[in-house]
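Here the protein sequences come in this chain order: A and B. The opening position of the first sequence corresponds to residue 1 in the UniProt record's numbering, with each subsequent residue numbered one higher. The opening position of the second sequence corresponds to residue 1 in the UniProt record's numbering, with each subsequent residue numbered one higher. In what follows, a single structure is set out as structure tokens and then discussed.
Number of protein chains: 2
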Amino acid sequence: MPRILTLAGAQTGPIQRADTRAHTLDRLIALLESAAKQGAQLVVFPELPLTTFFPRWFIENTQELDTYFEREMPNPNCQRLFDRARELRVGFHLGYAELTPEGQRFNSAITVGPDGQILGKYRKVHLPGSVEPRAGARFQQLEKRYFEYGDLGFPAFRGPTEWHRAIMGMLICNDRRWPEGWRCYGLQGVEVMVMGYNSAAYDPNGGDGESAELRTHHSTMAVQANAYMNATWAVAVAKAGNEDGSGLIGGSCIVSPNGIVVAQAKTLSDEVILAEADLDDCLQGKEKMFNFAQHRRPQHYRRIVEQVGAEPPA
Amino acid sequence: MPRILTLAGAQTGPIQRADTRAHTLDRLIALLESAAKQGAQLVVFPELPLTTFFPRWFIENTQELDTYFEREMPNPNCQRLFDRARELRVGFHLGYAELTPEGQRFNSAITVGPDGQILGKYRKVHLPGSVEPRAGARFQQLEKRYFEYGDLGFPAFRGPTEWHRAIMGMLICNDRRWPEGWRCYGLQGVEVMVMGYNSAAYDPNGGDGESAELRTHHSTMAVQANAYMNATWAVAVAKAGNEDGSGLIGGSCIVSPNGIVVAQAKTLSDEVILAEADLDDCLQGKEKMFNFAQHRRPQHYRRIVEQVGAEPPA
Numbered sequence: 001m002p003r004i005l006t007l008a009g010a011q012t013g014p015i016q017r018a019d020t021r022a023h024t025l026d027r028l029i030a031l032l033e034s035a036a037k038q039g040a041q042l043v044v045f046p047e048l049p050l051t052t053f054f055p056r057w058f059i060e061n062t063q064e065l066d067t068y069f070e071r072e073m074p075n076p077n078c079q080r081l082f083d084r085a086r087e088l089r090v091g092f093h094l095g096y097a098e099l100t101p102e103g104q105r106f107n108s109a110i111t112v113g114p115d116g117q118i119l120g121k122y123r124k125v126h127l128p129g130s131v132e133p134r135a136g137a138r139f140q141q142l143e144k145r146y147f148e149y150g151d152l153g154f155p156a157f158r159g160p161t162e163w164h165r166a167i168m169g170m171l172i173c174n175d176r177r178w179p180e181g182w183r184c185y186g187l188q189g190v191e192v193m194v195m196g197y198n199s200a201a202y203d204p205n206g207g208d209g210e211s212a213e214l215r216t217h218h219s220t221m222a223v224q225a226n227a228y229m230n231a232t233w234a235v236a237v238a239k240a241g242n243e244d245g246s247g248l249i250g251g252s253c254i255v256s257p258n259g260i261v262v263a264q265a266k267t268l269s270d271e272v273i274l275a276e277a278d279l280d281d282c283l284q285g286k287e288k289m290f291n292f293a294q295h296r297r298p299q300h301y302r303r304i305v306e307q308v309g310a311e312p313p314a
Numbered sequence: 001m002p003r004i005l006t007l008a009g010a011q012t013g014p015i016q017r018a019d020t021r022a023h024t025l026d027r028l029i030a031l032l033e034s035a036a037k038q039g040a041q042l043v044v045f046p047e048l049p050l051t052t053f054f055p056r057w058f059i060e061n062t063q064e065l066d067t068y069f070e071r072e073m074p075n076p077n078c079q080r081l082f083d084r085a086r087e088l089r090v091g092f093h094l095g096y097a098e099l100t101p102e103g104q105r106f107n108s109a110i111t112v113g114p115d116g117q118i119l120g121k122y123r124k125v126h127l128p129g130s131v132e133p134r135a136g137a138r139f140q141q142l143e144k145r146y147f148e149y150g151d152l153g154f155p156a157f158r159g160p161t162e163w164h165r166a167i168m169g170m171l172i173c174n175d176r177r178w179p180e181g182w183r184c185y186g187l188q189g190v191e192v193m194v195m196g197y198n199s200a201a202y203d204p205n206g207g208d209g210e211s212a213e214l215r216t217h218h219s220t221m222a223v224q225a226n227a228y229m230n231a232t233w234a235v236a237v238a239k240a241g242n243e244d245g246s247g248l249i250g251g252s253c254i255v256s257p258n259g260i261v262v263a264q265a266k267t268l269s270d271e272v273i274l275a276e277a278d279l280d281d282c283l284q285g286k287e288k289m290f291n292f293a294q295h296r297r298p299q300h301y302r303r304i305v306e307q308v309g310a311e312p313p314a
């Protein structure tokens, strides 16, 4: 008996600084409804889809910065999404900027079950960018300024019975390029990895000359190979297009445990992608090639935890 | 000034059990000469290219088993290859079955500089297969029987001045699917990864139904993504074709630090692939996206060394 979980990615086009939260939420709900109509059981939204990707701006005013953050989840700003999802009995994965009661800020995500219950929470570990703004640059990448490093590690969790109690894990954006995070989930037997991203289509300040095509290749390849090497399904979902003058790649994809792209977005706009994932497709990899208990040799992996940066030989 | 190192992969077709060692060595020398003529500075040979892939046989007689092993390197059986390479001032990477004076057996590889000096040695860490033969199976995979697990870890080393003192690392076959090994080299600043493989094109006993196309995809994708995630060049070289009745994938490839395949074998026969690798192409990744010192968070990676097998959540 196959264990089918119907996965959807709800890519969004750009969400401009000038867009109201209500308008943005309407777009997310429309995507959710479209996915649910196609049979989706779990709908994956991008990183920070409730607002523009604000770390591109140097925001000195704390009150202004706070407008991008959620103090609890759900909250009145996004309650309608939670309500509609529960009505449709569809789960979802949602990124958001988190402001805790203690005043800590994280780039976070939750996965919500079909009954509206929060199944798991994740805080981004691999924050790109810098603490200090780049002088004279029109566009910044200030994630290291606005967020603390995720402090929850990589905690796998189980889906509900109607998702066959799938073992699930979350990453956010840049995390998907770091095999360490994937492996920590692989070591918990993960079957479905979900993640959103906002990835620049080019250096908005005209720096390195990488094309959108190359950057989409990087993104897709990282998801493919890490899904394969951990024998898991993966859903990676972009916020795409020209957002406030800065380009974001699309390329949202659903990838099988063989590292094969089974669905991929064709636009840079609001777009649903869908795949019927048989969770038992993970078994071949987990029992043979990537049978960790049989083949891993952790005594030789110590550099991975004992040093941070590269240390070249003499 | 670019730091160019001209890399070659010397894929071989099958090497049958009935082939003499002298005949096989002639083929390797012909590949070396062809690569050198095209300007190669380093020629990468497959895993265990001096003989057939003998772990597919259950060999009970130790004297017979010993005929597949090298007691020192070089030795009279392969001295001609070393001599010709030194004459041509070309380096090479060579896999071999190693039998130590103490009687230990490893699946090993060396990299030899243009002056004939052995620059580095590696013993395969991720041995696939089993210790006990599968009853009734025509073909075995007995690497875990014939070899001990590599005990040298993942030691990077430097090439000579004429290779711009490139930082280099070696893996063997199945190792290329394990991101832990790649990361240990990445953490030593590796610029060129070299590896040979013998990978079954299908289950020779008719088991899992994976196609040669799928398996070649797995192989190439693993090399691409791990090269990208560690910002290194990579050369992965197959023994290919129908060897003693069992099919081996080809797909030998040279991959850039962007994870792009810049050269790939088209046949399942003896074939040279070549690329001019600018070692400075690694800098973009090492200084930005994969600046480990800035972005890695080892305190969250402890599962990687603290557990071996997968431990699913309750």
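Ideal Cβ placement from N, Cα and C applies to all residues, glycine included.
With DSSP as the reference, label residue i as helix, strand or coil.
{"i": "residue 131 (chain B)", "result": "coil"}
{"i": "residue 221 (chain A)", "result": "helix"}
{"i": "residue 196 (chain A)", "result": "strand"}
{"i": "residue 266 (chain A)", "result": "coil"}
{"i": "residue 174 (chain B)", "result": "helix"}
{"i": "residue 234 (chain B)", "result": "strand"}
{"i": "residue 56 (chain A)", "result": "helix"}
{"i": "residue 19 (chain B)", "result": "coil"}
{"i": "residue 191 (chain A)", "result": "coil"}
{"i": "residue 108 (chain B)", "result": "strand"}
{"i": "residue 141 (chain B)", "result": "coil"}
{"i": "residue 282 (chain B)", "result": "helix"}
{"i": "residue 205 (chain B)", "result": "coil"}
{"i": "residue 186 (chain B)", "result": "helix"}
{"i": "residue 72 (chain B)", "result": "coil"}
{"i": "residue 259 (chain B)", "result": "coil"}
{"i": "residue 242 (chain B)", "result": "strand"}
{"i": "residue 44 (chain A)", "result": "strand"}
{"i": "residue 162 (chain A)", "result": "helix"}
{"i": "residue 308 (chain A)", "result": "coil"}
{"i": "residue 288 (chain B)", "result": "coil"}
{"i": "residue 275 (chain B)", "result": "strand"}
{"i": "residue 82 (chain A)", "result": "helix"}
{"i": "residue 146 (chain A)", "result": "helix"}
{"i": "residue 156 (chain B)", "result": "coil"}
Mind reading off the beta-carbon distance from residue i to residue j? Whole number of angstroms is fine, and I expect it under 8 Å.
{"i": "residue 65 (chain A)", "j": "residue 146 (chain A)", "result": "7 Å"}
{"i": "residue 32 (chain A)", "j": "residue 49 (chain A)", "result": "With a Cβ gap of about 11 Å, residue 32 (chain A) and residue 49 (chain A) do not count as contacting."}
{"i": "residue 42 (chain B)", "j": "residue 81 (chain B)", "result": "That pair is no contact at about 14 Å."}
{"i": "residue 292 (chain A)", "j": "residue 308 (chain B)", "result": "6 Å"}
{"i": "residue 247 (chain B)", "j": "residue 201 (chain B)", "result": "4 Å"}
{"i": "residue 114 (chain A)", "j": "residue 162 (chain A)", "result": "6 Å"}
{"i": "residue 131 (chain B)", "j": "residue 93 (chain B)", "result": "Contact flag wrong, Cβ pair sits at about 28 Å."}
Residue i: which of the options sits nearest, CA to CA?
{"i": "residue 90 (chain B)", "options": "B:107, B:270, B:60, B:159", "result": "B:159"}
{"i": "residue 297 (chain A)", "options": "B:121, B:288, B:175, B:225", "result": "B:175"}
{"i": "residue 156 (chain B)", "options": "B:132, B:184, B:162, B:142", "result": "B:184"}
{"i": "residue 331 (chain A)", "options": "A:153, A:191, A:154, A:236", "result": "In this structure chain A extends from 1 to 314, so residue 331 (chain A) is not present and cannot be described."}
{"i": "residue 143 (chain B)", "options": "B:135, B:124, B:151, B:152", "result": "B:124"}
{"i": "residue 194 (chain A)", "options": "A:285, A:232, A:115", "result": "A:232"}
{"i": "residue 121 (chain A)", "options": "A:137, A:234, A:189, A:98", "result": "A:98"}
{"i": "residue 84 (chain B)", "options": "B:100, B:49, B:37", "result": "B:37"}
{"i": "residue 254 (chain A)", "options": "A:212, A:40, A:27, A:180", "result": "A:40"}
{"i": "residue 102 (chain B)", "options": "B:78, B:71, B:76, B:114", "result": "B:71"}
{"i": "residue 212 (chain A)", "options": "A:47, A:249, A:135", "result": "A:249"}
{"i": "residue 1 (chain B)", "options": "B:275, B:262, B:164", "result": "B:164"}
Under the criterion of a Cβ to heavy atom distance below 7 Å, does residue i qualify as lining the ligand COA?
{"i": "residue 270 (chain A)", "result": "No copy of the ligand COA appears in this structure; indeed no ligand is present at all."}
(Q) Which residues of the stretch 131-160 of chain A have a Cβ closer than 9 Å to any Cβ of chain B? Give them in chain order. (A) 144, 149, 150, 151, 152, 153, 154, 155, 156, 157, 158
Q. Would you say the stretch 12-22 of chain B touches the stretch 235-250 of chain B, given that touching needs at least three Cβ pairs under 8 Å?
A. yes
(Q) Which residues of the stretch 183-201 of chain A have a Cβ closer than 8 Å to any Cβ of chain B? Give them in chain order. (A) 183, 184, 186, 187, 188, 189
Q) Do the stretch 168-183 of chain A and the stretch 99-114 of chain A make contact, defined as three or more Cβ pairs closer than 8 Å? A) yes
Q) Got a sec: which bits of the stretch 236-263 of chain A sit with their beta carbon under 7 Å from any beta carbon on chain B, in order along the chain? A) 258, 259
Q) Does the count of Cβ pairs from the stretch 1-13 of chain B and the stretch 261-281 of chain A closer than 8 Å reach three? A) no
Q: Report the residues of the stretch 47-61 of chain A with a CB closer than 8 Å to any CB of chain B, ordered along the chain.
A: none
Q) Does the stretch 249-263 of chain A touch the stretch 277-296 of chain A, meaning 3 or more C-beta pairs lie closer than 8 Å? A) yes
Q: Count the C-beta pairs between the stretch 221-230 of chain B and the stretch 210-221 of chain A that are closer than 8 Å, then say yes if the count reaches three, no if not.
A: yes
Q) For the stretch 69-84 of chain A, which residues have a CB atom closer than 9 Å to at least one CB atom of chain B, in sequence order? A) none
Q.
Please list, in chain order, the residues of the stretch 12-32 of chain B that have any C-beta partner in chain A closer than 9 Å.
A. none
Q: May I ask you to list, following chain order, the residues of the stretch 286-308 of chain B that have a beta carbon less than 9 Å from some beta carbon of chain A?
A: 286, 288, 289, 290, 291, 292, 293, 294, 295, 296, 297, 298, 299, 300, 301, 302, 303, 304, 305, 306, 307, 308
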